[in-house]
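What follows is a set of notes on a single structure, which appears directly below.
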Amino acid sequence: MSTVPVAPPPPPRTAAPVNYLSVSHSVRSWLLTADHKRIAILFLVSISFFFVLGGFAATLVRLELVTPRGDLLSDDGYNKAFTAHGIVMIFFFLIPSIPATLGNFLLPIMIGARDLAFPKVNLLSWYIFMIGGVIALSAMFLGGVDTGWTFYTPYSSTYSNQWVSLTVIGLFLAGFSSILTGLNFIVTVHTMRAPGMTWHRLPLFVWAAYATSLIQVLATPVVAITLLLVAVERTLRIGFFDPALGGDPVLFQHLFWFYSHPAVYIMILPGMGVINELVTCFSRKRIFGYEAIAAAHVALAVLGFFVWGHHMFVSGQSIYAGMVFSILTFAVAIPSAIKVFNWTATMFRGSISYDTPMLYTFGFIGLFTIGGLTGLPLASLGADVHFSDTYFVVAHFHYIMVGGMVLAYLGGLHFWWPKMTGRLYPEGWAKFAALVVFVGFNLTFFPQFLLGYLGMPRRYHAYPEEFQVLHVLSSAGASILAVGFIIPVVYFLWSLRSGPPAPANPWGAKGLEWEATASPPVTENFADTPVVTEPAYNYASEREPEIV
Amino acid sequence: MSDADTLSHSLPAASAVEEEPSHPAYRHQFDDMAQQFEASHLGMWVFLITEIMFFGGLFGGYTIYRSLYHEAFADTSQYMNIVLGAFNTSVLIASSLTMALAVHAAQTGLQKPLVRFLLATMALGSVFLVIKYFEYSEKFHHHHFPGPNFHYEGPWARQAEILFSFYFVMTGMHALHMVVGIGLLSYLVWKASKRVFDATYYTPVEMIGLYWHFVDIVWIFLFPLLYLIGPHHMGGHS
Numbered sequence: 020m021s022t023v024p025v026a027p028p029p030p031p032r033t034a035a036p037v038n039y040l041s042v043s044h045s046v047r048s049w050l051l052t053a054d055h056k057r058i059a060i061l062f063l064v065s066i067s068f069f070f071v072l073g074g075f076a077a078t079l080v081r082l083e084l085v086t087p088r089g090d091l092l093s094d095d096g097y098n099k100a101f102t103a104h105g106i107v108m109i110f111f112f113l114i115p116s117i118p119a120t121l122g123n124f125l126l127p128i129m130i131g132a133r134d135l136a137f138p139k140v141n142l143l144s145w146y147i148f149m150i151g152g153v154i155a156l157s158a159m160f161l162g163g164v165d166t167g168w169t170f171y172t173p174y175s176s177t178y179s180n181q182w183v184s185l186t187v188i189g190l191f192l193a194g195f196s197s198i199l200t201g202l203n204f205i206v207t208v209h210t211m212r213a214p215g216m217t218w219h220r221l222p223l224f225v226w227a228a229y230a231t232s233l234i235q236v237l238a239t240p241v242v243a244i245t246l247l248l249v250a251v252e253r254t255l256r257i258g259f260f261d262p263a264l265g266g267d268p269v270l271f272q273h274l275f276w277f278y279s280h281p282a283v284y285i286m287i288l289p290g291m292g293v294i295n296e297l298v299t300c301f302s303r304k305r306i307f308g309y310e311a312i313a314a315a316h317v318a319l320a321v322l323g324f325f326v327w328g329h330h331m332f333v334s335g336q337s338i339y340a341g342m343v344f345s346i347l348t349f350a351v352a353i354p355s356a357i358k359v360f361n362w363t364a365t366m367f368r369g370s371i372s373y374d375t376p377m378l379y380t381f382g383f384i385g386l387f388t389i390g391g392l393t394g395l396p397l398a399s400l401g402a403d404v405h406f407s408d409t410y411f412v413v414a415h416f417h418y419i420m421v422g423g424m425v426l427a428y429l430g431g432l433h434f435w436w437p438k439m440t441g442r443l444y445p446e447g448w449a450k451f452a453a454l455v456v457f458v459g460f461n462l463t464f465f466p467q468f469l470l471g472y473l474g475m476p477r478r479y480h481a482y483p484e485e486f487q488v489l490h491v492l493s494s495a496g497a498s499i500l501a502v503g504f505i506i507p508v509v510y511f512l513w514s515l516r517s518g519p520p521a522p523a524n525p526w527g528a529k530g531l532e533w534e535a536t537a538s539p540p541v542t543e544n545f546a547d548t549p550v551v552t553e554p555a556y557n558y559a560s561e562r563e564p565e566i567v
Numbered sequence: 166m167s168d169a170d171t172l173s174h175s176l177p178a179a180s181a182v183e184e185e186p187s188h189p190a191y192r193h194q195f196d197d198m199a200q201q202f203e204a205s206h207l208g209m210w211v212f213l214i215t216e217i218m219f220f221g222g223l224f225g226g227y228t229i230y231r232s233l234y235h236e237a238f239a240d241t242s243q244y245m246n247i248v249l250g251a252f253n254t255s256v257l258i259a260s261s262l263t264m265a266l267a268v269h270a271a272q273t274g275l276q277k278p279l280v281r282f283l284l285a286t287m288a289l290g291s292v293f294l295v296i297k298y299f300e301y302s303e304k305f306h307h308h309h310f311p312g313p314n315f316h317y318e319g320p321w322a323r324q325a326e327i328l329f330s331f332y333f334v335m336t337g338m339h340a341l342h343m344v345v346g347i348g349l350l351s352y353l354v355w356k357a358s359k360r361v362f363d364a365t366y367y368t369p370v371e372m373i374g375l376y377w378h379f380v381d382i383v384w385i386f387l388f389p390l391l392y393l394i395g396p397h398h399m400g401g402h403s
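As given, the protein sequences belong to chains A and B, one line each in that order. Per this note's numbering, the first sequence starts with residue 20, numbered consecutively. Per this note's numbering, the second sequence starts with residue 166, numbered consecutively.
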């Protein structure tokens, strides 16, 4: 684990200064580090591992679905495979993905701080995350869980005789790790900004990370107690959620989605934060509507708390509640659209360059728009009855989570890779991989919209033969997507040893991380605390006055 | 605990700026002790907000079932031991007082009173837990612990079991927080006996004090919600 980023000191630029990577090479120095940048690397390596595991489970799912019959996996095995895919990808990859890696690395640097407010808590959050991950994984290897990642009662309480309790304890811990990250970010942004770094000068990535942290801190404890109640119900045989014992299974759904809907925004807001940075840098133009985007981040975080009922339109909740949740869900489209329009307006008359991070940005904007717009039929009470629990929902979700968040993560990783490692990646291969990811992604998930529209329910390992063509297309797309994910792994690892050394600011970008630190940064980031004197993204200010 | 780091550094805003970074509790990532104190404070409050949401899930579930099964809950409530509950409430309020006095002693640099008030707080917390133990064993004795052996006379057995489930989970979670709190207090006693805290540095005392008050306040809500739902025959079943 510690071997990955330990590059040999780069060839003498300025006599190979000691940076956060070269300051020490021992395993111990990594496992006991309190440096936010090293902890970011620990998380990066860990979540990459979980991404591979979750991808493996997805591979099983897609292989099974090549044929209409359930021939590769049993129905039970299939249930376990998609449950494992969901749990690992959501709780151990998507939720920590950008906050714990890029966020940990960049947030203190972007605001001009030497570290997060609580470095030891930051390290603790990694250990808790790993313990949670090991517990959840051991549950999967001991026998697996077949409830789906949502743990709906009574599947998870009465009917599942599998490793539910152990799994939810693992998720409880992962949630605690996420809370600690959010807490650290909130305190850091409030108290540790450099002189001149006012709230209106904060990079929008920081605004997004801050909004995400609010959700992590407010929503995660609720799912923690909910999962704990499921574990208690299973071990003591009591009936919080069991109708036979007077409980109400729909209460579980309310409590679960009270967290898990905001959690979806934990999984997309940081991606939007990354796109803010990329779109303005590669358009060489100050971002359009800074304040509106910052407000839209916070608005999404707040609105996210009031729409959980749209997961429950067919659960038997009151029709009036359904109407309110439906209207509020439509309201989510407003801040989302503000961002998409502002990103587009930023590109308008900008000097766009087509470097790899920008390719991912294009992909993000397009796919997020499709994912967002397909959310509207799902928010409509009538249409949702048809689409509920079909592949339409699966496709919608993956357009946001993979087409949105994973592309943003990859875009951000490419953008900041020179800063994090001090090495440049091969641009040609990276552009090729971005293209492969885009093609593979759409081939995987667009057919699923059609499948869902035609009525293919999710979570079945066998299906009528007329769906086979679309399923085969989807599985073919998944294999292309897998190639698109493997190529970056190869060239990133290659670049650690053999990539050309990166200058401090290879993109000519604005922001403290580019303008005030070396690549890679030194342990406490800055030689002297920077003083901020200009607004964020002060690219070519003569271009500014043009209004569309 | 997330406040593990919060514990080990910080200081009030007032003291001399130039000398602060040489304080043994100073951490390198901060500009000065004032900033460090502010960060610890905010961190603790954010942590307490997460705790509110954590218990909030339980209170939310409780509220829903109480409105669904109001009569049953009122009937069941008479089996809560109101005398012990009320006594425990006063024990906790007293412990909040000693905790506040401990914080004050730390702020004013009174070393011996600080240790004494911390020990008194620990003692009161322990009294609470011992009484809680007797309450729990009474419930076990009457087969009021939810699960296969649960027994309840009358038409409300299922609903009563749900209230007892909430009773055990909520008070159990609360008791767990008390145990953690007592552990944190013993850490403070150990530090205080080495005279770590004075008027320039008392952050851990204040932070753990906030935590202790929070746990007390949770009980202030738990007591009426669990014990005082319906009329108690003869002033309680005890």
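Positions of the beta carbon are idealized from the N, C-alpha and C atoms, including for glycine. Predicted, not measured: the structure shown is a model, and the values here were computed from it.
Terminal residues of the alpha helix (DSSP H) in which residue i lies
| i | result |
| --- | --- |
| Thr-210(A) | 183 to 210 |
| His-405(A) | 400 to 406 |
| Pro-466(A) | 446 to 473 |
| Ala-243(A) | 223 to 255 |
| Gln-272(B) | 247 to 272 |
| Asn-295(A) | 288 to 302 |
| Tyr-234(B) | No alpha helix (DSSP H) holds Tyr-234(B); DSSP gives it neither H nor E. |
| Ala-322(B) | 322 to 358 |
| Val-283(A) | 268 to 285 |
Sequence-distant residues of the same chain with beta carbon closer than 7 Å to residue i, five excluded per side
| i | result |
| --- | --- |
| Ala-158(A) | Val-164, Trp-182, Leu-185, Thr-186 and Gly-189 |
| Phe-325(A) | Leu-347 |
| Pro-452(A) | Checking the sequence, you will find Ala at residue 452(A) rather than Pro. Once the five neighbours on either side are set aside, the close Cβ partners of Ala-452(A) are Gly-503, Ile-506 and Pro-507. |
| Glu-532(A) | Leu-125, Ile-128, Met-129 and Lys-438 |
| Val-225(A) | Leu-126, Met-129, Ile-130 and Val-208 |
| Leu-288(A) | Ala-227, Ala-230, Thr-231, His-316, Leu-319 and Ala-320 |
| Gly-335(A) | Val-269 |
| Gln-272(B) | Ala-364 and Tyr-367 |
| Phe-293(B) | Asn-253, Val-256, Leu-257 and Met-343 |
| Ala-521(A) | Pro-437, Gly-441, Arg-442, Leu-443 and Ser-538 |
Counted within 10 angstroms of its Cβ, other Cβ atoms place residue i as buried (16 or more) or exposed
| i | result |
| --- | --- |
| Tyr-386(B) | Rather than Tyr, the amino acid found at residue 386(B) in this sequence is Phe. With fewer than 16 other Cβ atoms within 10 Å, it is exposed. |
| Gly-208(B) | buried |
| Asp-403(A) | buried |
| Met-343(B) | buried |
| Gly-319(B) | exposed |
| Ile-419(A) | buried |
| Glu-252(A) | buried |
| Asn-180(A) | exposed |
| His-44(A) | exposed |
| Met-211(A) | buried |
| Ser-483(B) | Chain B is shown only over 166 to 403; residue 483(B) falls outside these bounds and no answer can be derived. |
Sequence-distant residues of its chain with Cβ nearer than 8 Å to residue i (five each side left out)
| i | result |
| --- | --- |
| Phe-383(A) | Gly-290, Ile-294, Gly-422, Gly-423, Leu-426, Ala-427 and Gly-430 |
| Ser-372(A) | Phe-301 and Arg-303 |
Cβ neighbours of residue i in the same chain (closer than 6 Å, five flanking residues each side left out)
| i | result |
| --- | --- |
| Ala-59(A) | Thr-120, Asn-123 and Phe-124 |
| Gly-265(A) | Gly-258 |
| Val-578(A) | The question about residue 578(A) has no answer, for chain A in this structure spans 20 to 567. |
inquiry  = If the cut-off is 9 Å on Cβ atoms, which residues from the region 126 to 138 of chain A count as contacting chain B, listed in chain order?
reply    = Pro-127, Ala-132, Arg-133, Asp-134, Leu-135, Ala-136, Phe-137 and Pro-138
request  = May I ask you to list, following chain order, the residues of the region 273 to 290 of chain A that have a beta carbon less than 7 Å from some beta carbon of chain B?
outcome  = Leu-274
ask   = When you check each C-beta in the region 192 to 212 of chain A against every C-beta of chain B, which residues fall closer than 9 Å?
value = Phe-195, Ile-198, Leu-199, Gly-201, Leu-202, Asn-203, Ile-205, Val-206, Thr-207, His-209, Thr-210 and Met-211
message = To test your reading of the DSSP string, which unbroken alpha helix (DSSP H) runs of 4 or more residues are found completely within the region 502 to 566 of chain A?
response = Segments of the alpha helix (DSSP H) lying fully in the region 502 to 566 of chain A: 531 to 534.
ask   = Of all the residues that make up the region 223 to 246 of chain A, which are near chain B by a beta-carbon distance shorter than 7 Å?
value = Val-236, Leu-237, Pro-240, Val-241, Ala-243, Ile-244 and Thr-245
query = When you check each C-beta in the region 291 to 318 of chain B against every C-beta of chain A, which residues fall closer than 9 Å?
reply = When CB distances to chain A are screened at a threshold of 9 Å, the residues of the region 291 to 318 of chain B falling below it are Phe-310, Pro-311, Gly-312, Pro-313 and Phe-315, in chain order.
request  = Would you list, in sequence order, the uninterrupted alpha helix (DSSP H) runs of no fewer than 4 residues that lie entirely inside the region 363 to 399 of chain A?
outcome  = 375 to 392 and 394 to 398
key: Interfacial residues, the region 365 to 378 of chain B to chain A, with Cβ spacing under 7 Å   = none
request  = Identify each residue in the region 257 to 268 of chain A for which the Cβ-Cβ distance to at least one residue of chain B is less than 7 Å, and report them in chain order.
outcome  = Ile-257, Gly-258, Phe-259, Leu-264, Gly-265 and Gly-266
ask   = Relative to chain A, which residues along the region 191 to 205 of chain B have a C-beta separation below 9 Å, given in chain order?
value = Arg-192, His-193, Gln-194, Phe-195, Asp-196, Gln-200, Gln-201, Glu-203, Ala-204 and Ser-205
task = Could you run through the region 212 to 228 of chain B and flag, in chain order, every residue whose CB is less than 9 Å away from some CB of chain A?
result = Phe-212, Ile-214, Thr-215, Glu-216, Ile-217, Met-218, Phe-219, Phe-220, Gly-221, Gly-222, Leu-223, Gly-225 and Gly-226
request  = Could you run through the region 318 to 338 of chain B and flag, in chain order, every residue whose CB is less than 7 Å away from some CB of chain A?
outcome  = Arg-323, Gln-324, Glu-326, Ile-327, Ser-330 and Val-334
ask   = Listed from N- to C-terminal order along the chain, which residues in the region 404 to 434 of chain A have their beta-carbon within a distance smaller than 8 Å of any beta-carbon of chain B?
value = none
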